[in-house]
Structure formats: structure tokens, C-alpha cells
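Student: Okay, here's the structure, questions in a sec.
Residue numbers (my numbering), protein chains in the order written: chain U, 1 to 458; chain H, 1 to 90; chain S, 1 to 427.
Here it is as C-alpha cells:
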């Protein structure tokens, strides 16, 4: 059967008895069986659990927001009694005793969990090549990367192995793979969605990311996920604000750097023209500290990583620290160095201060514009092995994405078009804290204007 | 600009509770040096009178009521066992 | 060579909150089976996040306010990193810059600060393996650090005992050394000049006042002997062995540990409004020293009696309740302290009634007795004559009459003697 590509179609189909939830699961499982070996997207498939839930859903009247929606989770989401590896040999046999808040909420809303997804180990990576369980290949072209670290989540939805998926975004790990796989990806406001039960990477930067085919579906997922849960002290409830009728958008002049690929640059100008056609003004703004984003990020993030990964000592769970992959070891050591006596002021505290300045840049910018358009990756999807020799080169991939994490603002990654080599390229729209619903509106308008239709790769 | 030495790498590995092989130390030294140099470019930013940001939420006083919650508990009624620890804690 | 003794103290107090510092597990773990009061948060499982216990924060501030500390306007938690099997996350959430309380003093001894942190689990060492119990992991812990201002053992002992009392008066903790809800560490060094020497020896893992006293004494001796024989003393941690009555080295601290502190991003900063400080300050009960002064003024007891009563708040309260029912303050104190009557009579009113019963055996004064005897002798001339004529036994009648007049409060011997004396003298 041709599986629906939106939540609305799924639920209409179930209600009209065009298909059952069990049949949906049959279909997705068949897809997984057909392609997973080649693309290495799923690490654990929860077939039994999926059928059990599907049967339950078939007995219901499909009234919950996500009834019948088949979901898969990046393997950093703790799922009770289901193996959770974080893409690392450290946790290759780890069975968690509790589930993440996000998992509980998604499933309480009627979703059907189908499995756990490959990712860069401990979410360290921008390509999907850092998993201890092998690379994930881009369903659009298996010689290319899916992007990372949420490689599996992007792969799963674009390969039609689940309708939606959960990933994470600490420095672009949802937005970049979303762009590389022709999906809508959301990095929410830091403090919108609880991180409880998500294996921590960098505590002041981590967010729960989501992958869908459409902006409409993204909004439904976001409203199910967001809000206080009593476990993440940084989450705040908020009432959905009134959406403006007229928007003004900005593009930072500092974004046009040497490393920006011509095709990506062209796409950004097309996006600008598209909005202008709709009567939305797009102006030039300045974000003067743009060139310091990556250094600030690569001080704060490894420092927090070295702290969060300290608990993996193999004593009570997992394997011992010799099982860490190379990238994890590198970041842990970088972090320890940065936090160590004699260097804390020069690096960590300095980075925290520059972070303040970056936040001030955005506060200023949002006084004149409602949202900011930006590339996500400086290049279209790259080939496997292209960036792996030089860790620093890989870090520079993050030049456009780390911003939103450092400032704590939401960013919606939207599929736009395809490169000359046939790979998806897209962009992101960033807004002030808790402006997701305005971003959804802007995303919907854009997709409507370009007559966007969801597409799957396989 | 800090130049990392092999001794630095060994010390940092110890701080990180990582046992590195000699070849790992050799491999990490130039990589870490390069990255530290790169992030060191922050020194050119003027941050006089700027407060550090460790949290972007702007929230304060998020606290918990003092009560016992049993829904979250995980118990096992037995000790975790490790090989004998010979050093005292700090 | 005369050395100046320099001692600073670090005192840990486990507050009597219902739940732990960052999770909803029970705080009181005394006697619980291992690993039965744990959850993902205090076990340091992946994905778990901390949220601060508001009551633990309040109790920390109450302690500071009672000791005259300044309460920080904004206070933050920090991560303190080190690796040890009983430290679940491999970092302890503690404080560094901006602790809750800064400064303060007790018995004239300056306090550096008071901060709040979480405890680690318990490690039990056996020959081949070590056993870990995480019931204590994540429990709230209030830590007070004094300035190095103690110069002899008696000062230290008075201070820690008074601190224990203050903590109990504030109902912050039962501060029980045996139960581990109060723990003491002393940093000791000897100096030949006014300046602080370049080393200090940390005495740790001492779980009673008695052992602390012995440990400090023997450590001072050890350091004195070492310096006298020209040895240099190293910065180190030492424990106390009751069997050999000496201290032994546990770890040499060549340089201090690099804890790589940074502000805890998972916990928001705590902003204490002035109104809360005023409110907490207004609710500080009468403290031991204030009570001692008041007892001296109001009840005029001896300082020994006062100290005994004040050292146990329950007894002091019982005493005062009894004193509100009867003005026999000294008697009440005596019966409580020397005869444990507060144990026998759980209600102070019962004690007071007992006092009346006892008091009824208290005799009338000599003057009143004499008057009564005179009256009876005047009223009964025939009986007096009988007595004078050798009928000795009639004195019984006279005694009875006197006792009747005295409502039974006559001292039998005095009544008898007075009758005999007055008959001889005047009748």
C-alpha cells in the first residue's frame, strides 16, 4: 500500500477504514526489511511493540492527536525495556529502566513506536559517520551522508520507514540532516520541550528535535511534546501567542562567507524572492559576531560533554571508558582541558561572555525583524568520507547551525529544492524564543507558494 | 596561545578518566592543538564588563516542593559490587 | 619550640527534609536496605535531570541567618568533577562562587561560608570487593566552612557542640554524629609565626565528638614531634584509628584536585528576595545562648543547671511549661535534672502536682509553730497541769491540737520540742 505522508491523511485513512494501523505497521516494517541493511538506519526494530500498539489503536476511535502515527526514535531517547545505545559501544547492551518524557508524551498521544535509530555516537557528529554501529547512508543517494548527528531519524522518515521521528539538536543535529534528506526539521526553543530521558550531550544547548514531511505535521508534534513535566527545570509552559498578519524577515550579511557553496547561496536568494513575492519584506541585517559562533560552540559544547559523559564508567551500566569512539574521546579531552585549572577563565568563561554578546546581537536584530533566514549547511550534502580526515573541517560544517543553540532560539529547517547532483538542499528560519508558531506560519506560506509536496526517497 | 605538549595530553586524559595508548596520544596531540588554537581566536573579542551566560532561559528559582515521590523510584535491594577500591575518596 | 595551633573546621549537616536534594526520593536513609531509596536522578542514569529542593535551601539560609551570615542575593549551583564509584554522575552538584550564606560567626569564631550540595553514595570496603549503596546519593547536605581561627582543642569542642545545639534548635537536622547526620572534619597545622603555614592536614572520617577530640590531640602531637625533629610536613588527608590512637595517612595531596567547576546549566540560579530573608529571620526561634541568658535572669538557676536544661530543647521546654504552673523553679529544675521526673511525668502538669504532694510534707516555719503551741497551751491549762504533774503521755493530745492548728504542717519534732520548752519556761 502507499503509506500516507501526513498525519491528517493517516488519520483520515484510518477513520475511513481505507487501511488499519496494523496494515500501516506491515507497510513500514516491509520497507525496513527491504532497505535497512543497505542504509543502516535502524539499530533496533520494535516489531512486537508496534503491533501491540497498532491493535490498540485499531480498537480506538482515532481521536488522539497522533493516533496511528508511526514514530521512530534517535537512539539517545531512553525507551523503557528497549535497548538504547546512543550509537555507542559503551551502551551497546543497555536496557533503560525508564522512558523519556518525549517518548511517553508521543505514545500517550496515540503514536506507534517502531524502533530506535542510528546516530553519531553520543550525538557527536555532523554527518552520521561517527556511529559505532556503522555509517547511515542518505536514502536519496547512498554515496552521500544523511547529515548528523540525527542520521537515523532523517533516514527513517525520508526512506518512509516511519511517518515521523524524534532526534535532537545541539548544534544543528536535526536541521542539517533534515535539509540533507528533504524533510521539515525543528530545533525548538531551549526550554520548550523537556530533555528528561534524553542522553545528555551539552546541557545548555541540547534540544529535542523532530522530523516530519510537512510543516502542518511539525506543529502537531510540537504541541504534543512541549510543556513542563516536573523533571526538566528549564522548561516553561507558554500560551500559544496570536500570529501576526504581516512579517518582516532578515538575512545577515555575515552569512555570505567564502565557504558558502554557490548552489546554496542561489537557493537562499530564491527563498528571499519567494517571500517577497508574497509581500513579505526581506531586509539585510547584521549579526557581527557570526564568525565566533563555531569557536564559542566548540568550547562550551565539549566542556559540557566531558562533564555529561563522566558517568559512563562501566561500573553499573554499559561498558567501560575504553569503548568510547575516537570523536567522543577527543571531545571529552577537549572539554576537560577547557575546564581545567588555569584554562577555565581563558576558554570557558570567555566563551560564556562571547555567548552573551551573540545573544545581544540577536536581541537587537529581533527588534527590527520577526525572523531570520539562513543557510543550514554551507554545502549541499557531501559524500561519505569527504570530511572525516580532519575533525576541524567537520566542525566548520556547523557555522550556520550552532547559532540557534547558543542563543536558545527556535529554528525551523525547510526543504527547498534539489542540487544539480540530485541531493536535497534547504534552509532555516530562526525566530525569537517561543516563536515556533510564527515560524510554522512562515514555513507554511513558503511551501504553499512553491507548491511543495512531500517526497520520499525510496 | 597555548601550545599543548604530550604531558598536557596525558594529564588531561587522567582528568578525563581515559586510558590512552601511546599511539592515541600521538594522534590526539596535533588535533587538540589545532582545535585549541582555533577556539583561542575568541581572545580577540572585547568582553570587558560583559556577564557570562550559562543558561539562555533567563529563568530563576525553579525549585521543587519538598515531598517524597514514589512513582519514579527504582530499587534493587542489594549492593552494586565493584572490585575492591584501594584508595580513599577525596 | 612553641608552635601556634591553627585549626579550621568543615562541618556537614544532613537536613531533615522529607526528600533528597534534587529528586523525590526519601532523604532519611538510616537503617534502610541498600539501594531501596533511589531513582534515575540520584542513580545518575543517562538522561536524568536535577531539580532543587526548596526546603533544603530554606534550611540552609535559616542556619546562616541564625549565625549572622549574609545571604547571597543570587546563588548558583556548580558541578564539581571527580571520579569515584559512589559518585553517581562523576560530578557532585555543589556550590562555589555565590554560596547561599557568606560570613557569620558562632561563639566569636568566624565562619567563611555555608553552602548546599548533594551527598554521594556509601562505599563499603571488603577484601575482594567494594559494595555501593546509593540510598545516600543525592541527599541534601549543608556544609559549613569556618576560618582557621581555632587555636586549641577545647575551643573546637565547644564550637561543634554549640553548633549541634543551634542546628537542633532551628529544627534543621537531628545533627546526630552516630547516624551520620552531622560529620566533622578538621584542618590542622602548626605555625611558628603569625602567618598561615604552607600546609594543612585534613582529618576526615571521624564520627564522634570523642574521637574528634582524641584525633586532634594526637595529630597535634604528631605534627609537633615532626617539626621538632626537623621534618617537613606535607599537605595530606589523614584518618583516626581508635585502636592505635593515632592518625594515619589516607592520601597525599600533592596539588589540590582539579574539580573543573562550572555553573550547573540544569538548575536555574536562585534569587532570594529581601522579603523572604525577613520572613525567615523573623521565624528564627530563641537560640541556645539567648535561652541561657533568659533562664539565668528569669529562673535564677545555677549555670550548671542551665547548661543541662538548654542542651536539650525538649527538656528546656518541659521545664518552662512546668514553671508556668508553679513558681518552685529550683525544685522543678532539681527534680528534672537529678531525679529525671520529666521522664516519669510526660506532662509538666503531672510534675507540678507531684511537687504539691511533696510540698505538703514541707513544714510550717518555727515562728508559726511557736504561736500555735502558745495558743494551744493557753487553751488547755488542765492538760498542761497534768503534764507538769508527771503525766507525760498527755503531750500526745497537745501535739494533736497543735497539728490541727497548723493544718497538719507542723514538724513533729519541732512541735514536740516547742511544747516541752514553753511549758517549762512559761507555764
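A virtual CB, placed ideally from N, CA and C, is assigned to each residue, including glycine. The structure displayed is predicted, hence computed values, not measured ones.
1. Among residues of its own chain, excluding the 5 on either side of residue 224 of chain U, which ones have a beta-carbon nearer than 8 Å to its beta-carbon?
2. Alpha carbon to alpha carbon, how far is residue 445 of chain U from residue 51 of chain U?
3. Can you tell which of U:116, U:63, U:46, U:57 has its C-alpha closest to the C-alpha of residue 77 of chain U?
4. So residue 268 of chain S contacts chain U; which residues on that side make the cut at Cβ distance below 9 Å?
5. I need the boundaries of the alpha helix (DSSP H) containing residue 334 of chain U, first residue and last residue.
6. With residue 170 of chain U and residue 405 of chain U assumed to form a contact (beta carbons below 8 Å), what rounded beta-carbon distance in angstroms separates them?
7. Does residue 25 of chain S get closer than 8 Å to chain H when you measure Cβ to Cβ?
8. Residue 294 of chain U and residue 354 of chain U - do their beta-carbons sit closer together than 8 Å?
9. From which residue to which residue does the beta strand (DSSP E) around residue 183 of chain S run?
10. Quick one: which unbroken beta strand (DSSP E) runs of 3-plus residues sit fully inside the stretch 226–298 of chain S? Chain order, please.
11. Which residues in chain U sit within 7 Å of residue 53 of chain H, going by Cβ to Cβ distance?
12. Enumerated in chain order, which unbroken segments of the beta strand (DSSP E) with a length of 3 residues or greater are wholly contained in the stretch 234–321 of chain U?
13. Give a yes or no on whether the minimum CB-CB distance between residue 184 of chain S and chain H is below 8 Å.
14. Confirm, please, whether the CB-CB distance from residue 367 of chain U to residue 182 of chain U is below 8 Å.
15. Taking a contact to mean a Cβ-Cβ separation below 8 Å, would you say residue 222 of chain U touches residue 9 of chain U in this structure?
16. Count the other CB atoms, across all protein chains shown, that sit within 10 Å of the CB of residue 278 of chain S; report buried if there are 16 or more and exposed otherwise.
17. Check the Cβ-Cβ distances between residue 89 of chain S and every residue of chain U, and say whether any is below 8 Å.
18. Kindly say whether residue 57 of chain S, judged by its beta-carbon, lies nearer than 8 Å to any beta-carbon of chain A.
19. Confirm, please, whether the CB-CB distance from residue 93 of chain S to residue 144 of chain S is below 8 Å.
20. For residue 191 of chain U, which residues in chain H fall below 8 Å Cβ to Cβ?
21. Around the C-beta of residue 16 of chain U, are 16 or more other C-beta atoms found within 10 angstroms, so that it is buried, or is it exposed?
22. With 8 Å set as the bound, which would you pick, yes or no: does the beta-carbon of residue 333 of chain U sit closer than that to a beta-carbon of chain H?
23. Can you list, in chain order, the residues of its chain with a C-beta nearer than 7 Å to that of residue 417 of chain U? Leave out the 5 residues immediately preceding and following it.
24. Identify, in the order they occur along the chain, each residue of the same chain with its Cβ nearer than 6 Å to the Cβ of residue 254 of chain S, setting aside the five sequence neighbours on each side.
25. Since residue 480 of chain S and residue 180 of chain S should fall inside the 8 Å C-beta cutoff, what is the C-beta to C-beta distance between them, to a whole number of angstroms?
26. For residue 412 of chain U, which residues of its own chain have a beta-carbon under 6 Å away from its beta-carbon, when the five flanking residues on both sides are left out?
27. Residues in the stretch 80–106 of chain S with C-beta within 8 Å of chain U's C-beta atoms, listed in sequence order?
28. Work out the CA separation of residue 217 of chain U and residue 279 of chain U for me, nearest whole Å.
29. I need the straight-line Cα distance from residue 358 of chain U to residue 407 of chain U, nearest angstrom please.
30. Can you list, in chain order, the residues of its chain whose CB lies under 7 Å from that of residue 13 of chain U, leaving out five sequence neighbours each side?
31. For residue 152 of chain S and residue 8 of chain H, what's the separation of their Cα atoms in angstroms?
32. When you compare the CB positions of residue 213 of chain S and residue 157 of chain S, do they come within less than 8 Å of one another, or not?
33. What's the gap between the Cα of residue 345 of chain U and the Cα of residue 78 of chain S?
34. Leaving aside the five residues before and after residue 260 of chain S along the sequence, list all residues of the same chain whose C-beta is less than 6 Å from its C-beta, in chain order.
35. Whole-angstrom Cβ separation of residue 188 of chain S and residue 220 of chain S, contact assumed at under 8 Å?
36. For residue 101 of chain S, list the residues DSSP reports as bridge partners.
Tutor: According to the data block:
1. So the qualifying residues of the chain are 65, 66, 105, 106, 109.
2. Separation of residue 445 of chain U and residue 51 of chain U (C-alpha to C-alpha, rounded to the nearest whole angstrom) is 37 Å.
3. Per the C-alpha coordinates, the member of U:116, U:63, U:46, U:57 positioned closest to residue 77 of chain U is U:116.
4. Neighbours of residue 268 of chain S on chain U, chain order: 233, 234.
5. Bounds of the alpha helix (DSSP H) holding residue 334 of chain U are 326–339.
6. Between residue 405 of chain U and residue 170 of chain U the Cβ distance is about 6 Å, and since that is below 8 Å, they are a contact.
7. Chain H contact via Cβ: present.
8. Not in contact: residue 354 of chain U and residue 294 of chain U (Cβ atoms no closer than 8 Å).
9. Taken as a continuous stretch (DSSP letters only), the beta strand (DSSP E) holding residue 183 of chain S covers 182–191.
10. Counting only runs of 3 or more, we get 236–241, 246–252.
11. Simply 352, 355, 356, 359.
12. The stretch 234–321 of chain U is shown to contain whole beta strand (DSSP E) runs of 3 or more residues at 248–252, 281–285, in chain order.
13. No, residue 184 of chain S does not count as interfacial toward chain H.
14. Contact: no.
15. Contact: no.
16. Under this definition residue 278 of chain S is an exposed residue.
17. For residue 89 of chain S, the answer is yes, since a Cβ of chain U falls inside 8 Å of its Cβ.
18. In summary, chain A is missing from the structure at hand, where the protein chains are U, H and S.
19. No. Outside cutoff.
20. Those within 8 Å of residue 191 of chain U in chain H are 56, 57, 59.
21. Classification of residue 16 of chain U: exposed, given that the 10 Å Cβ count is below 16.
22. Contact of residue 333 of chain U with chain H is assigned, a C-beta pair being separated by under 8 Å.
23. Around residue 417 of chain U: 267, 425.
24. Reliability of the predicted coordinates at residue 254 of chain S is poor, the pLDDT of 49 falling under 50, and the value obtained from them is presented with this limitation in mind. Counting only Cβ-Cβ distances below 6 Å, and skipping sequence neighbours, we find nothing.
25. Because chain S in this structure spans residues 1 to 427, residue 480 of chain S falls outside the shown range and cannot be described.
26. Within the same chain, residue 412 of chain U has close Cβ partners 186, 429, 439, 443.
27. Taken in chain order, the members of the stretch 80–106 of chain S whose beta-carbon sits within less than 8 Å of a beta-carbon on chain U are 81, 83, 85, 88, 89, 90, 91.
28. Distance between the alpha carbons of residue 279 of chain U and residue 217 of chain U is about 25 Å.
29. Residue 358 of chain U and residue 407 of chain U: Cα-Cα distance of roughly 7 Å.
30. 4, 19, listed in sequence order.
31. The straight-line gap from Cα to Cα measures roughly 43 Å.
32. Yes. Within cutoff.
33. Residue 345 of chain U and residue 78 of chain S have their C-alpha atoms roughly 15 Å apart.
34. Closer than 6 Å at the Cβ level, and outside the excluded window around residue 260 of chain S, lie 81.
35. The beta-carbon separation of residue 188 of chain S and residue 220 of chain S, rounded to 7 Å, stays under the 8 Å limit for a contact.
36. In the DSSP assignment, the residues bridged to residue 101 of chain S are S:71, S:114.
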